[in-house]
Structure formats: structure tokens, C-alpha cells
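Our numbering applies: residue 1 is where the sequence shown begins, and numbers increase by one. All residues carry an ideal CB built from backbone N, CA and C; glycine is no exception. Structure, as C-alpha cells:
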Amino acid sequence: MSLLVVGLSHRSAPVSVLERASLSADTKVKLLHDTLAAEPATEATVLATCNRIELYADVDKFHAGVAELSTLLAQHSGVALEELTPYLYVHYEDRAVHHLFSVACGLDSMVVGEGQILGQIKDALALGQEQHSAGRLINDLFQQALRVGKRAHSETGIDRAGQSLVTFGLEQLAVRTPVAEWASGKRALVIGAGSMSSLAAATLARVGIAEIAVANRTAERAERLAEILVASGTGVRASAIPMAEVADELTRVDVVVSCTGATGLVLTADDVLAAVSWGSAPDPAPQKPTRLDVAPVAGSAAGLDSAGPDVAGLDADVLARLVAAAEAGARLADAGAVRTIAAPEADGCPVGPDGRSALTGVDASSLELHGTWADQGEAAAQRQPRRSARTQAHATDVRLALLDLAMPRDIDAAVHRIPGVRLVDIESLAEASADAPMAADVDAVRGIVAQEVAAFGAAQRAAHITPTVVALRAMAAEVVAMEVARLDGRLPDLDERQRAEVTQTVRRVVDKLLHAPTVRVKQLASEPGGAGYADALRELFDLDPQTVASVSRADAADPKNDDDPGRAS
């Protein structure tokens, strides 16, 4: 076994790098084909989730394999190799097996113990099978990983150490309020109808959301998910809406969960600002604003036209959000945690520390200084412990709660500056999960992983010698057949019963002679460093390497030797 994995995850790389390095479905397929075309790799598959990108391959040369797989990841992710390299990790042979088994058990997840990774491992195996890039090693490895993951969840309480990313995200949205209490009676919009979005919709229904709208580019999938939700028995009302109606739907819902495969933003800051403004407008029949009006700066020094969209080069949207933030008491929501911005003791904000001074008459330099002051205050707040920052907010202050589980992100990170909006995304979940308690069952799962890695390694080493043993027995059977044929020529008067008895006797002698050595050599080969026993057996019995290789290919091609991947998922 020469298993190699090269990858990056939330543990090794910042979210900004993971976001840029994400792989589309088509890119994953091309990556697999190019990996097989590379000289060191004979089989491969890719495990790509919102938190990790890992390329698994069976290689015949370690250093060449690392170089080739790293280069391929860089080429297909669009991130330059020199930029990607500092965040890559490499595991080889037993360490690679240990890594995948740990991932399958949820030990390497952002939320320890979450079980959705099993579905993603199954998808990675299915992709390799569909593209014919997964051979015996990848099939055996990923099928065993699925079994190990299920064993960990059934034999331990690892589920208590964490939960699904969706549940954890909802807890962050609810802040200090129980999720069921926070969700009760609310209306939600789920964007996307894939596995993560379906899980999110099911979780929302389970915790008490009253109504769910599902939007997806493929209308049939959205309708199907809505039908499943209605039939789930939770009492939730569900319906499908076109993607074109998402902006309108934002004005009617309290919670949005988005997880699509889009490469660009699904919700911009302007979309969210318009929805929040529309929902809070005092006019009973307002027109939806797309930007807020700002009084022009007095004087000609700013060089402004009162009807122009910019103030001293500042976009009106940016200025509008600044005004809104100031009117709300300078409270900013950042990465899922609402923080109060305190003015510096020296060189205070020219607009006023209470954020309520009129902007009319303030010159452009003062406005720019206010922006700098706000950014500095936000940076200072970010340097505070996450736990204390999180306690400053309460879910009741939020007009629209957004959960972005996509990678790359679906929702513009700038929405955290809009008052009344709370955003939780992959980056904020990574921060919050760092404070999550670890369950005692994690140690038990680590023990299971260690046992399974040892068993898998022994099985693979034993399987490595099996073709040689089969070739040896085939050679012995051929010798028996030749000797029986010679006996027929010398004793043509033997009847069928006598000939059969002689043949059976010779076969029993050969089998007894070979039994102990072949059993023992399999035992020895299963131990670390036992790979050399196959070579010794071939030398001692003068076995043709081509014959051994043909047995290996026939054994790998036999469909009866492959377990059903769905059985362990």
C-alpha cells in the first residue's frame, strides 16, 4: 500500500484560502482524470467539502507523488502553488489511513462529532467509482472509513461532543436563547436543495420553524424538498419559490440558510439592506428602497453635485450603511457576533461618539475619518475574547438572521455592518467551535480509530501477498495435472474410480505440504515490514512475476470482491 493524501482544511488554512480553493463538480472530475494521467498515481479520488479539500491517491513514488498532487491541486483550485503550499498537509500510508478514519468519525470536523461527513465521504467514493479512478485500495479504504465512522457513532457518545454544522450554526444565531424557543413561529428561506440545504431545512422544521420557502435553480428539486418537508410530520408549512423571487422573499422571512454551489454571491449586501429597510419602513405602503438618501455636504470644497451619487468619492451605499449604523447606536454585527464599537479616547470621531450627529455640513475628510474610526473600533472589538463579544448580543435584537454554509460564500460578508442583521458563516463557526467543549467519548473514538487503522493495515499487507499465494497454488495444481496425465499414459487400464482416487491422493499431499507455509506467510505478511515475504516466496518457488500480476488484476476486476458502498453509509 502506497496511499498518499495531500490537502488543506479549516485546521491548516484560513477560510479565505479555502474559499478561493473550492472545487466545482466539473473541476473535481477533471482533477481526477489529470491525477490518473500523472505518472506516480494509479488510482485516486477527491474529498471536497466546505471545510476541506483532500486528494487521495495510490502512488508508486512518495516525493514525486507529493509534488504532482500538490501541483494538480493548485492548478485546479486556481490558487498559485507558492501561495497554497504553506497550508497543505501530507499523510502517507498508515498516517493517511489514520487521517481519513479520524475524518470519518468527526474528530477532524469543525464541530467535533458531526455526522454529515459520512455522506460526503460516500460521495467522494461514488465520484471515484463513476469516473473509474477508484481502484481496489481507494474502494477498500473509503468503504472501511464509512464503517469506522458508523461504529464510532454507534459505540460511543461522540454525537454528544458536537452536532451537525446546521445545528451549531442555529445555536450561534440564537445566541443565549434555546434554539427551539428562538425558532418557534419564525419563517425561513432555504436557498439550495442539495444535501446540506436539505439537512438545514429538515433541522429548521424539527426545531419549530413554522414556514419554510425553498429556492433552487432547479425548480423540481426545490419542489421535491418542499414536499418532503410537508410530509415529515413536523407540521411545518413548506413551498418552493423561483430563484428570481428570493429578494422579495427576504422581506417576509426571519431566517435565511444558504448553501449552494454558486461561484459568486447569491445574496449581496444591497439585497439584504433593501429587505431590512423594506420590512422596517413606517409607511404602510412604501416603495422598496435600494439605497438611502443622504443630505448633500454643504459648501463647494467637497466638489459635490447635490444630485450626484457620491460624497467625496464615497459610494452612496457605503455612506447609507454608515448612517444606518450610526443611527442604531454604532452597533455592528460581525461574523455572527454583534459587537459594540467604542470610540477611542483620543482623536474621537468627528461625527460624535453617540453616532447621532447630523451629517449635513460635515466635510469629506471628516466623513473619511469617521470610517477610519469605525474600522479601528471594529478591529479593537475583534481583538477582544470571542466569548465576551458574543455575550453582548441577543437574538431578539435581530431583524434578519443569516446562516451561510457555502464555500465559497453565498452571502456577502459586508451584511454584518447592516443594523438588525446577524450573519453566521463558516469563518465565524470556526471561531465559535474553538470554544466548544470536548466530550470524554472523543478518547474512546480515538481508540477505535487506532484499532481500525492497525486492522486495515494488516488486511492490506495480507492482501498484498494473496496473489503470490494464489499463483503458487496454481502452479502446484498444474504440476498435479501433469503428473496425473503421465500416470494415465503409463497405466491405461485404470478404471475411473481408481484414477479419481489417485488424483485426489496427489492433490491432498500437495495441499498439506502448502497449507502451513501459506498460512504462516500470510500471518507474517500482515505484520509491519512483512511486504518482503511475497518477494521471498516468488524467489523460492521461481514464480513468474507476470503470472502474479495477472492474478492481481483478475482479483481486482472481480465484482464479487467489491463491497457495496451503500451498505456502510
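Kindly list the residues whose CB is nearer than 7 Å to the CB of residue i, restricted to its own chain and excluding five residues on each side of it in sequence; keep chain order.
i: residue 534; result: 464, 465, 468, 525
i: residue 74; result: 80, 81, 84
i: residue 104; result: 117, 118, 121, 145, 146, 148, 149
i: residue 195; result: 119
i: residue 445; result: 105, 107, 152, 156, 158
i: residue 50; result: 405, 406, 407, 426
i: residue 430; result: 10, 15, 110
Bridge partners of residue i, per DSSP?
i: residue 54; result: 7, 47
i: residue 211; result: 187, 237
i: residue 267; result: 411
i: residue 175; result: The partner list for residue 175 (beta bridge, DSSP) is empty, contrary to what the question assumes.
Just checking my contact of residue i with residue j at CB under 8 Å: how many whole Å lie between their CB atoms?
i: residue 6; j: residue 70; result: 6 Å
i: residue 76; j: residue 30; result: 6 Å
i: residue 421; j: residue 403; result: Wrong, their Cβ atoms sit about 12 Å apart, outside the cutoff.
i: residue 19; j: residue 409; result: 6 Å
i: residue 229; j: residue 222; result: In fact, because the Cβ distance is near 11 Å, the residues do not count as touching under 8 Å.
i: residue 35; j: residue 21; result: Rounded, the Cβ-Cβ distance is 16 Å, inconsistent with contact.
i: residue 48; j: residue 68; result: In fact, because the Cβ distance is near 18 Å, the residues do not count as touching under 8 Å.
i: residue 16; j: residue 52; result: That pair is no contact at about 15 Å.
i: residue 219; j: residue 242; result: 7 Å
i: residue 235; j: residue 424; result: Not a contact, Cβ separation roughly 26 Å.
i: residue 522; j: residue 462; result: 5 Å
i: residue 180; j: residue 208; result: 5 Å
Three-state secondary structure (DSSP) at residue i?
i: residue 412; result: coil
i: residue 228; result: helix
i: residue 156; result: coil
i: residue 107; result: coil
i: residue 404; result: strand
i: residue 38; result: coil
i: residue 24; result: coil
i: residue 132; result: coil
i: residue 70; result: helix
i: residue 258; result: strand
i: residue 59; result: strand
i: residue 90; result: strand
i: residue 504; result: helix
i: residue 203; result: helix
i: residue 139; result: helix
i: residue 168; result: helix
i: residue 242; result: coil
i: residue 535; result: helix
i: residue 116; result: coil
i: residue 541; result: coil
i: residue 194; result: coil
i: residue 495; result: coil
i: residue 124; result: helix
i: residue 13; result: coil
i: residue 518; result: helix
i: residue 570; result: The question about residue 570 has no answer, for the chain in this structure spans 1 to 569.
i: residue 398; result: coil
i: residue 594; result: Outside the shown range of the chain, which is 1 to 569, sits residue 594, and nothing can be said about it.
i: residue 217; result: coil
i: residue 78; result: coil
i: residue 253; result: coil
Excluding five sequence neighbours on each side, which residues of the same chain lie with their C-beta closer than 8 Å to the C-beta of residue i?
i: residue 345; result: Because residue 345 sits at a pLDDT of 39, beneath the cut-off of 50, its placement in the model cannot be relied upon, and the following sentence gives the value as read from the coordinates. Once the five neighbours on either side are set aside, residue 345 has no close Cβ partner at all.
i: residue 12; result: 87, 88, 89
i: residue 442; result: 107, 112, 113, 158, 161
i: residue 66; result: 4, 6, 90
i: residue 60; result: 2, 40, 42
i: residue 199; result: 116, 164, 166
i: residue 32; result: 44, 45, 46, 127, 128, 131, 133
Can you find the residues in the same chain that come closer than 6 Å, C-beta to C-beta, to residue i, ignoring five residues on each side of it along the sequence?
i: residue 255; result: 186, 188, 401
i: residue 265; result: 412
i: residue 271; result: 247
i: residue 102; result: 108, 449
Does any CB atom of chain C fall closer than 8 Å to the CB of residue i?
i: residue 498; result: Structure shown: chain C not included; a single protein chain is present.
Review point. Counting only runs that start and end within the stretch 406-492, where is the alpha helix (DSSP H) found for 4 or more residues in a row?
Key: Runs of alpha helix (DSSP H) with 4 or more residues, each lying fully within the stretch 406-492, are found at 426-433, 441-490, listed in chain order.
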